[in-house]
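Trainee: Number 168 in our numbering belongs to position 48 of the sequence shown; there are no gaps in the numbering. If you scroll down you'll find the structure; I have some questions about it.
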Amino acid sequence: MNLVERVRNILLQPKTEWPKIAEEAATPQTLYLGYVAILAAIGPLAMLIRSGGMAIMAAVVQYVLALVVTFLLALIVDALATTFGGEKNFVQSLKLTAYSYTAAWIAGVFLIVPILGGIVGLLAAIYAWYTFYLGVPVLKKCPTNKALGYTIVVVISGILLGVVLAGFVVSMMIGGGVMGM
């Protein structure tokens, strides 16, 4: 499936798209090169456009963090699978994480207009969580009655991961070492 079709389907028909995604052969490399690396660039590119090219370092950091967070969150999703009655399978966890981020990555285009970027970004994040929730039973084979709990734990883990990584980046940028050490 091509990139545009996948984006459209995961945004507009996630319930019917997840079973197709579950059956597709993939590797971390194909997911990153064919999907994650492309869509994760939307927000940083929008930031560069808004700043007239002045925010190159911030855009690069945002892009690298998007790539790293996708991978680390997939590790968390996989580690939590058996806790919620699901199956451990890193590729399925990466698919779930990467495709769930679609709405947030596409919404990154609204960073060109700062006030829209914040509002649309929040709505897109909520929709991304909903998309994740729909995909958990399909990709992780988690019982439907445990999908909400699984989703909530992953969302909280993702927020905490973001805070820790942001702290690390800020600490490195101001020259204080890692977390003030």
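Every residue, glycine too, gets a C-beta built ideally from N, C-alpha and C. Model, not experiment: these values are computed from the prediction.
Roughly how many whole angstroms lie between the Cα atoms of residue 128 and residue 280?
Mentor: Along the sequence shown, read from residue 1 onward, the residue named residue 128 stands at position 8. Along the sequence shown, read from residue 1 onward, the residue named residue 280 stands at position 160. Distance between the alpha carbons of residue 128 and residue 280 is about 29 Å.
Trainee: Would you call residue 193 buried or exposed, if buried means 16 or more other Cβ atoms sit within 10 Å of its Cβ?
Mentor: Taking the sequence shown and counting its residues from 1, one reaches residue 193 at position 73. Answer is buried; the Cβ neighbour count reaches 16.
Trainee: Select from 250, 198, 232 and 181 the residue whose C-alpha is nearest the C-alpha of residue 289.
Mentor: Here residue 289 refers to the residue found at position 169 when the sequence shown is read from its first residue. If we check each option's Cα against that of residue 289, 181 comes out closest.
Trainee: Do the stretch 256 to 264 and the stretch 200 to 220 meet, that is, are 3 or more Cβ pairs less than 8 Å apart?
Mentor: Enough Cβ pairs lie closer than 8 Å, so yes.
Trainee: Note the first and the last residue of the continuous alpha helix (DSSP H) segment covering residue 129.
Mentor: Here the question's residue 129 lines up with position 9 in the sequence shown. Element bounds for residue 129: 123 to 132.
Trainee: Residue 218: buried (16+ other C-beta within 10 angstroms of its C-beta) or exposed?
Mentor: Position 98 of the sequence shown holds residue 218. Buried, since its Cβ has 16 or more Cβ neighbours within 10 Å.
Trainee: Under three-state DSSP, which class holds residue 147?
Mentor: Counted from its first residue, the sequence shown places residue 147 at position 27. It is coil, neither helix nor strand.
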